[in-house]
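Okay, structure first, notes after.
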Amino acid sequence: MPTLCSLPDDAMLDRLQRAAFGYFTETMNPRNGLIPDTSRPKSPVSIAVVGFALSCYPVAVARGWIARAEAVRRSLLALRFFHASDQSGSPTATGYKGFYYHFLDIDSGARMWRSELSMIDSALLIAGMLTAATWFDADSADEAELRELADALYRRVDWRWSQDDARTIYQGWKPESGYLHYGWEGYSEAIVLYALALGSPTHPVSTDCYAGWVSTYQWENLYGQDFLYAGPLFVHHYSQAWIDLRGIRDPFMREKRSDYFENSRRAVLVQSRYAELNPREFAGYDRNCWGLSACDGPTDEQVETSHEPRRLFGYAARGVPYGPDDGTLSPPAVLTSLPFAPELALVALRNMLMRHPGILTDDRLATSFNASVTDHAGRVWISPGHYGLDQGMVCMMIENHRSGLLWHCLRRCAPLVRGLRLAGFAGGWLDANDGGVC
Amino acid sequence: MAARFDASVSPPRDAYERKRLAEVGPESWNNPEPSAPCQLVIVGAGSAGLAAADVAAALGVRVAVIERHLIGGTCFNTGCVPSKALLRTAAVYAEMRHAEHYGARAPATVEVDFAAAMTRLRRIRSHLTHSTSVRHLVASGVDVFFGNTQFTGPDSLTVNGQPLQFGKALIATGARPQMPDIPGLRQAGFLTNATVFDIAELPPRLLVIGGGPLGCEAAQAFGRFGAKVTIVQDMPLFLPHEERDAAQTLSEAFARDGIEVRLNTHVVAVRVEGGEKVVELVSDDYHSTIRVDAILVGVGRQPNVQGLALEAAGVDYDEAAGIAVNDHLRSSNPRIFAAGDVCLEAKFTDIAEESARLAVRNALLGGRERLSERIVPWCTYTDPEIAHVGLYVREANARGIPIKTYTLPMHQVDRAITDGEQEGFVKLHVSEGSDHILGATIVSRDAGDMISQVTLAMVAGVGLRTLAKVIHAYPTKTEAIREAAMAYNRTRLTPRVLARLRRKLAP
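Top line first, the protein sequences correspond to chains B and C.
Position 238 of the first sequence, counted from 1, bears residue number 238 in my numbering, the numbering being contiguous throughout.
Counting from 1 along the second sequence, just add 1000 to a position and that's the residue number in my numbering.
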């Protein structure tokens, strides 16, 4: 088999995308459709990763990688599990108020690691459910059940409760201590969360909630780019795995005469420039080697560094230009920049693959590497195994780049469209869209 | 370890301390006999009171100053002055440890002489009494009283029972450390800014409660002296009033200094076991215990309004917010004004002094100056420093003012790179679509000095276009301000403008 780098762009992307999707088929628990957070032993389920899997099944059907009936079967496994799950909110339940704990046991579905009831991860799961419900539109018993379950699971989410008496949505809740200390403030990956929360036909958040979130936005000119600031790349990506934000604008973006898609392109330019300046002088950083995002990373306990002793952050949301930055870069974050800045993303990815072939295992990308950290044999640190979030984002964003399948699908998702409109989005396809089928 | 730690907080009565106390709080002082009503009486001789006395004396009015404790107040005796002296020594130790970062050889071992640092602190504080002393006040024609003040009517008060009539009064009694309500804390004993500069020995393990300016500065200083410092903050970030990115930069600096950071964490109980202070912490549902030798509390400051019998003077106040004043700093009694920490939310020396000058002019000259019209910068003196002036982005957003920020990371500034001080940034906030400066935040080792350039521009009404023309000596860190302004100029070169230029320049 030829090496990936020797292939033309589309062939290379096809192999990367298919390998990314393979994560879900290889790791799914066949009894409940749940997907582990990582490929590492004893990994719990990440509910967001299940949302990504549900979103990727239609892609796999469209690409001919699995049969439609098989995709529906896998989707139904997960939907039936969540529908029947323990929603008591007890410390060992699966969820509460229609939300779910961030990490679950892959067999029992019980909460793990005393994790929080996560609003954003629940939203990513629900987005996956609605994607499946929108795409699987056949008049068959299974697909009808799929749509009914997704609708019921969305309707039972009490988004209003997640706001409590605050202006914005809380980041989480724990049965032992209640709401976490902080809400969703400042630009983040939460557009999809707010759109789903606003569009709910049963328990929507207050209409000023989105404005409350936007009130802490920072519009900055940095390295010559005017953009809505957020340090890590994934913030600029996640919501746009589902929502086509090209040409549609909320009041903030109307005022700035930009849109979130263009903003993500500028975020890539900022990342590239930061890596070129390389203020902390890490090995390998340059204009074609960037990608600071949320990812795994080395820790002081694991390795010896090849440079002066530096603080290492392990799993962290790395960002530019203020850090944290310990020399760790995320190849999947580069690849998922593909729709926004295809030339830059492909050049950077090929560059990384040629320099560090070990970041690829059977065409599947490791979540991160750190060229400033080497072992005794001089080998660059590479995160072991694979992360489900990365594989989901890679599969979805390559598809959006290639065909726009998910973007076009979600344009037909009525509650999402309603939520976007309630957030103040207008223009582009949103004005032409007269409703969905969901 | 704990048994050997000397937890006493009595400073040695060395020559420096004897001189300082003689200058700012002489024991054998006899209050003057008031022969006639004062045109202005100033209650409190801290930063605000002294600034007020200076203005009033220059105007030639008969002015009296009453101080309960020490001339100079918090800033001079237990605040800015001693803390900055201590921070400087701490910075030297930090540089010694990180000497290789600057291409120098680090000493094999860095032995900290804490007593020498404290002696230097006392020497500097003593030296500065030349401008903060009873003598200085008396020489400028001010009647100085020591004692407790109690108002007895709308235009009268007593000092230790001695009556004093006044035409106008300015209350500048400042603030004192706020005490958190933590079971066992009082019994276990704790330090505040009022006592921490008098400790005899460096606590090997120190807990700092509070992530505001005092807590952050102290945590870093004591950490650099070699104490094992844990800082506990009950919010998601330090310096909650500052910009997120500034707090993020500070968090990284703390980590580099080896400070253990506990955000979103509450101290719920303290007890003493075997001479150690055992502190219970809770973060959401996570409970933990740490053992320390000393606890420093820096959770805010409470206005000094008690014991003044303000009711007798008809002055409205609140225990938490202090004396109620309008924008002219006039209280509910038109004869009585207030300034500084006793009435302002922003408790900084520069604001205290400026508010006092303004209040005196309004009181004596019938002025209508407004405090809200003043442009006041402030700074937290951590390393890097965090300085701010004007509006924050969140304030502009809340007021519906479209705002844009021009950001220049210090790693784009040559002098910051040559000095090995790339962390930090300059952010200039302007009104969207214009070059009008609304505010600025600077994070840099010299941010407190650098912010003055932006303050000057704001006071003078100078926008980014003009700032971009200001030539700075090369290489200096203040070039960052010009570079940020030049970034604004570049945004004016829209594609349309560039096309026109190209046509014009075409051969």
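The C-beta atom is built at its ideal place from N, Cα and C for all residues, glycine as well.
Listed by chain order, chain B residues near V1574/C by CB distance under 7 Å: This structure gives no information on residue 1574/C, because the portion of chain C shown stretches from 1001 to 1507.
Where D86/B falls: helix, strand or coil (DSSP): coil
Beta bridge counterpart(s) of S46/B as assigned by DSSP: F103/B
Ordered list of alpha helix (DSSP H) runs contained in the region 1376 to 1436 of chain C, each at least 4 residues: 1393 to 1398, 1414 to 1418
Sub-8 Å separation of N1030/C and G1147/C beta-carbons: no
I1481/C in three-state terms, based on DSSP: helix
Chain C contact residues for N263/B, given Cβ-Cβ distances below 9 Å: Going along chain C, no residue has its Cβ under 9 Å from N263/B, so there is no contact; the nearest lies around 14 Å.
Proximity test, Cβ basis, 8 Å: D226/B and chain C: yes
Proximal chain B residues relative to N1264/C, where beta-carbon distance stays under 7 Å: H181
At least 3 beta-carbon pairs within less than 8 Å: the region 1186 to 1202 of chain C vs the region 1062 to 1082 of chain C: yes
CB of R1394/C within 8 Å of CB of S206/B, strictly: no
Distance between beta carbons of A1064/C and L1170/C, contact taken as under 8 Å: Not confirmed; about 11 Å, so no contact.
Reduced DSSP secondary structure (H/G/I, E/B, other) of H307/B: Because H307/B sits at a pLDDT of 48, beneath the cut-off of 50, its placement in the model cannot be relied upon, and the point is left open.
I40/B versus V380/B - alpha carbon distance: In the sequence on display, residue 40/B carries Arg and not Ile. Rounded to the nearest angstrom, the two C-alpha atoms are 20 Å apart.
Nearest-angstrom Cβ-Cβ length linking A1188/C and R1271/C, presumed shorter than 8 Å: 7 Å
Cβ-based neighbour list, H307/B, same chain, cut-off 6 Å, excluding 5 preceding and 5 following: Summary for H307/B: the model assigns pLDDT 48, below 50, so the residue's position carries little reliability, and this model does not support an answer.
Residue(s) in a DSSP beta bridge with K174/B: G178/B
W219/B - partner residues in DSSP beta bridges: L228/B
Chain B contact for N1489/C (CB, 8 Å cutoff): no
Stretch pair the region 115 to 129 of chain B + the region 162 to 174 of chain B: three plus CB contacts closer than 8 Å: yes
Exposure of D1327/C, with buried meaning 16 or more beta-carbon neighbours within 10 Å: exposed
Against chain C: residues of the region 183 to 205 of chain B by CB proximity under 8 Å: G186
Counterpart residues of N328/B in DSSP-defined beta bridges: Correcting the residue type first, residue 328/B is Thr in the shown sequence and not Asn. DSSP, once it has assigned bridges, lists N370/B as partnering T328/B.
Candidates S403/B, G392/B, L277/B, T374/B, of which the one nearest P339/B by Cα: S403/B
Beta-carbon proximity of L77/B to G33/B, cut-off 8 Å: yes
Y1102/C, buried or exposed, once every other Cβ within 10 Å from all chains shown has been counted against 16: exposed
Residue span of the alpha helix (DSSP H) that contains G128/B, given as start and end: 119 to 135
Own chain residues within Cβ distance below 8 Å of L222/B, not counting five before or after: Y229, V270, P321
Partner residues on chain E for T1249/C, Cβ-Cβ distance less than 8 Å: Although the question refers to chain E, the structure presented lacks it and instead comprises the protein chains B and C.
Within 8 Å, strictly: CB atoms of A1324/C and A1172/C: no
Inter-residue Cα distance where the pair is C209/B and G1400/C: 16 Å
Q87/B to L196/B span [Cα, whole Å]: 20 Å
Chain-ordered residues of the region 367 to 381 of chain B with a beta carbon less than 7 Å from chain C: none
Residues from the region 1396 to 1420 of chain C in contact with chain B, defined by Cβ distance under 9 Å: N1397, A1398, P1402, I1403, K1404, T1405, Y1406, T1407, L1408, P1409, M1410, H1411, Q1412, I1417
CA nearest to the CA of I1471/C, picked from G1366/C, A1485/C, T1132/C, V1459/C: A1485/C
Beta-carbon spacing of E441/B, R287/B below 8 Å: Outside the modelled stretch of chain B, which goes from 1 to 438, sits residue 441/B, for which no answer is possible.
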